[in-house]
Amino acid sequence: MSDHILQLENVSKFFGPVIALNGVTLRLQRGEVHCLLGDNGAGKSTLIKTLAGVHVPDAGQYLYDGKPVQFASPRAALDLGIATVYQDLALVSLMSVARNFFMGREPKRRLFGVVPVMDHEAAARIARRELEDMGIRVRDPHQMVGTMSGGERQCLAIARAIHFGANVLILDEPTAALGVRQSVNVLRLIVRAKERGISVIFITHNVNHAYPVGDTFTLLNRGRSIGTYAKSEVAKETVLDMMAGGTEMASMMQGLAGVTI
Amino acid sequence: MNPITQATAEPAEMSDRDERIREVGWFRRLLARPEFGALAGTVLVFAIFGVAAGGSGMFNSEGVVNWLTVAGYLGILAVGAAMLMIAGEFDLSVGSMIGFAGMMLAIPVLYWGWPISVAVAFCLVGAMALGWVNGYLLARTGLPSFIVTLAFFFILRGLSLALSILFTGKTIISANGDLVLRALIAEDPLISTLFVGHCFTGVYDALARAGFIAANQTGAALAIGIPKAVVWWIALTAIGAFMLGRTQLGNWILASGGDANAAKNVGIPVARVKTGMFMVTAFCAAIFAVLQVADAGSASADRGLQKEFEAIIAAVIGGCLLTGGFGSVIGAAFGAVIFGMVQIGIGYTSIDNSWYRVFLGLMLLIAVIFNNYIRQRYAGGRH
């Protein structure tokens, strides 16, 4: 068993003339929360899609548990337990929480021992229990997802991924559109996932969200990795400076006395 | 501390539930059901005709069978239209499919000498194959269903006319020499049981003899029973509602229509689900055609005109969203009942028949506005 559950070694990805990723190395240790930080256009999305099996690297290696892998589709990555929660969350707002939770993987039972039907009671029960285990109280599992807040939806999508056996959870800016309190709920969920032994890649451009939950930080800038740091090695301010390119940030912040981002 | 820091460091109350979601009572829950609009509409139409045509015989045994028959025929189509609409697509070729399916039944029987049961099977399978083509084209080209099925609206209607003239020289076919369509259908025990005549004639006669419903001079009931079309309608509605509500496929249909991208991301074969629903729609159209051919004793190239719109209207009145992902087969059945009651009911009143279409248009408009309102207000669809 390798120390690293996922590894990208020197991975590059090109879209025609555009170099989206340029020799990026990312090593995800078992059971850690690994924050992937970068400003807009840093290549975060390409990196996620590469990890999720949507893109195949043009150069470099993708290793799962120390062994090189090449995913034909996102489904193949999912089968290994690499679950990605994209920003669109893959939830249908006009369907109930329980129906969404089991969407595509419906629990079944046989009516009169013959007719295969969806087991709605089991779906509601399991969805409610799983969400409660994650610290999300769902009053009514038959309530429509459309009635839930953005934070609750994000938590639902993450809880669903965990329930269906994710051992690597890739979260694409889960706090981007959320308010303060809801962001805190999502961050707590990330910690809970870690407690369950799940390795998490947490993509964000918000250092304030990344720093409290992260164990390791990899910084991306313009398609390159600036470096990977353990939390003990680096202060929040340093991370922020590196994300924005250091000196630029200092000059940008002139005239904004006292403001922190 | 400066204001920005304060703004982002607001103490987060550790509350897991969003207090902005309120408890809703049973009435609101009822309102959020997709069938509610159609149910309310049915009650309203019932009340209107109860007042306007109460004493005219619309609600005696024959009157009820009259408008139930109209509702039944349309309801068969509405099952398919509703399921397809919930899956996020709609089919404008339903009406043309009825004409074409009738020809797929009549021409082989009368001109190629096929046994009637084989021809019925051919008609059903052929229609489903055409439904599959609709779905396949949609999936492969990514074109909206409006365009693809509009093309088939013309293609199938044109083919019905062209092929019937090519093979028979006529556009209405009921017989060829010694072969008479009606007689051939009546001779086949399976097909005549499934598609011809009425059910529960005995029950009606017994009720008539007991004096509950009107009888003719021989003592048999004036209403000769429940037409087979109504039986098909109820059976298909029950099967459709069961599929949608209780099976895995039902969840896939809702997901495919609600958000095709999300459905794909969780591994639902969206293209196959939609294609399957096109086949269901075509199957319903073919059942309609077989019942109509059996009832009329003839197939005609112009059968089913405007039925695609009526089916879609019934589904919309039944609570189906045009954007997909929400709706009800039971609701669509009530939509069909509204249709039947209005179409037949107007004849029982002193209102001029021309108002029928005005009424339909208004019903459609009210239903769509109501559906959207309900979705936003109670179902919480925030798109």
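Protein sequence lines correspond, in order, to chains A and B.
Using my numbering, you'd call the opening residue of the first sequence number 1 and step up by one each time.
Using my numbering, you'd call the opening residue of the second sequence number 1001 and step up by one each time.
Note that the Cβ used here is the ideal one computed from N, Cα and C, for glycine as well.
- Query: Ordered along the chain, which non-local residues of its own chain (more than five positions away) have a Cβ less than 7 Å from that of A:Glu237?
  - Reply: none
- Query: Are A:Ala68 and A:Val11 close, meaning C-beta to C-beta below 8 Å?
  - Reply: Sequence check: residue 68 of chain A is Pro here, not Ala. No, these two residues do not count as a Cβ contact at 8 Å.
- Item | Cα-Cα separation between B:Ile1338 and B:Tyr1073, rounded to whole angstroms | Looking at the two C-alpha atoms, the distance is approximately 13 Å.
- Query: Name the DSSP beta bridge partners of A:Phe202, please?
  - Reply: A:Cys35 and A:Leu171
- Would you say A:Leu169 faces chain B, with C-beta separation under 8 Å as the test? When Cβ-Cβ separations below 8 Å define contact, A:Leu169 makes no contact with chain B.
- Going by DSSP, what residues sit across from A:Val85 in a beta bridge? Note: A:Val85 sits in a beta bridge opposite A:Leu171.
- Rounded separation between A:Ile136 and B:Asn1134 - CA only: 43 Å
- Query: Are three or more beta carbon pairs between the stretch 1296-1309 of chain B and the stretch 1189-1208 of chain B nearer than 8 Å?
  - Reply: no
- With 8 Å as the threshold, decide whether the Cβ of A:Glu106 is near any Cβ in chain B. yes
- Since B:Thr1281 meets chain A, which of its residues come closer than 7 Å, beta carbon to beta carbon? Simply none; closest approach about 21 Å.
- Item | Residues that DSSP places opposite B:Ala1186 in a beta bridge | B:Ala1186 is not bridged to any residue.
- Could you give the residue range of the beta strand (DSSP E) that holds A:His55? From DSSP, A:His55 is part of no beta strand (DSSP E); its letter is neither H nor E.
- Query: Does the Cβ-Cβ distance between B:Ala1285 and B:Arg1303 come in under 8 Å?
  - Reply: no
- At a Cβ cut of 8 Å, what residues of the stretch 79-99 of chain A count as close to chain B, listed as they run along the chain? Tyr86, Asp88, Leu89, Ala90, Leu91, Val92, Ser93, Leu94, Met95 and Arg99
- Item | Alpha-carbon spacing of B:Phe1083 relative to B:Thr1281, whole angstroms | The question names Phe, but residue 1083 of chain B is Met in the sequence shown. Each residue's Cα considered, the two are about 8 Å apart.
- Query: Using a C-beta cutoff of 8 Å, does A:Met243 count as contacting chain B?
  - Reply: no
- Query: Mind checking B:Met1363: buried by the 16 CB within 10 Å criterion, or exposed?
  - Reply: Only buried fits B:Met1363, as 16 or more other CB atoms lie within 10 angstroms of its CB.
- Assigned secondary structure, A:Asn22 (DSSP; H/G/I helix, E/B strand, else coil): strand
- Under 8 Å from the C-beta of A:Arg75: neighbouring residues of chain B: Gly1267
- Task: Output, in sequence order along the chain, the residues in the stretch 1243-1266 of chain B whose CB is closer than 8 Å to any CB in chain A.
- Result: Arg1246, Thr1247, Gln1248, Gly1250, Asn1251, Trp1252, Leu1254, Ala1255, Gly1258, Asp1259, Asn1261, Ala1262, Ala1263, Asn1265 and Val1266
- Could you tell me whether the stretch 195-210 of chain A touches the stretch 167-175 of chain A, using the rule of 3 or more Cβ pairs below 8 Å? With three or more CB-CB distances shorter than 8 Å, the stretch 195-210 of chain A counts as touching the stretch 167-175 of chain A.
- Task: With a 10 Å radius around its C-beta and 16 neighbouring C-beta atoms as the bar for buried, classify A:Phe15 as buried or exposed.
- Result: It counts as exposed.
- Query: Between A:Val239 and chain B, is there a C-beta pair that is closer than 8 Å?
  - Reply: no
- Query: Skipping 5 residues on each side, what residues in its chain have a beta carbon closer than 7 Å to that of B:Ala1260?
  - Reply: Gly1088 and Val1270
- Message: For a contact defined as C-beta to C-beta under 7 Å, what are the partners of A:Val117 on chain B?
- Response: Arg1246 and Thr1247
- Query: At a CB-CB cut-off below 7 Å, which residues of chain A make contact with B:Phe1036?
  - Reply: For the C-beta of B:Phe1036, not a single chain A residue is nearer than 7 Å; the gap to the nearest is close to 15 Å.
- Message: Between B:Phe1359, B:Gly1335 and B:Ala1241, which has its C-alpha nearest A:Val117's C-alpha?
- Response: B:Ala1241
- Query: Where does the unbroken alpha helix (DSSP H) through B:Pro1108 begin, and where does it stop?
  - Reply: Val1094 to Tyr1111
- Message: At the 8 Å Cβ level, is B:Phe1046 part of the contact set with chain A, yes or no?
- Response: no
- How is A:Asn185 classed by DSSP in three states: helix, strand or coil? helix
- Item | First through last residue of the beta strand (DSSP E) which encompasses B:Lys1264 | That residue, B:Lys1264, is in no beta strand (DSSP E); its alpha helix (DSSP H) goes Ala1260 to Asn1265.
- Using the rule of at least 16 other Cβ atoms within 10 Å of the residue's Cβ for burial, across every protein chain shown, is B:Leu1305 buried or exposed? exposed
- Query: From the beta carbon of B:Gly1325, is the nearest beta carbon of chain A less than 8 Å away?
  - Reply: yes
- For A:Gly227, name the three-state secondary structure that DSSP assigns. Reduced to three states, the DSSP call for A:Gly227 is strand.
- Find out if the Cβ-Cβ distance for the pair B:Phe1200, B:Leu1291 is shorter than 8 Å. no
- Item | Cutoff 8 Å; reference B:Thr1349; Cβ partners in own chain excluding five residues on either side | Phe1049, Ala1052, Ala1053 and Ser1056
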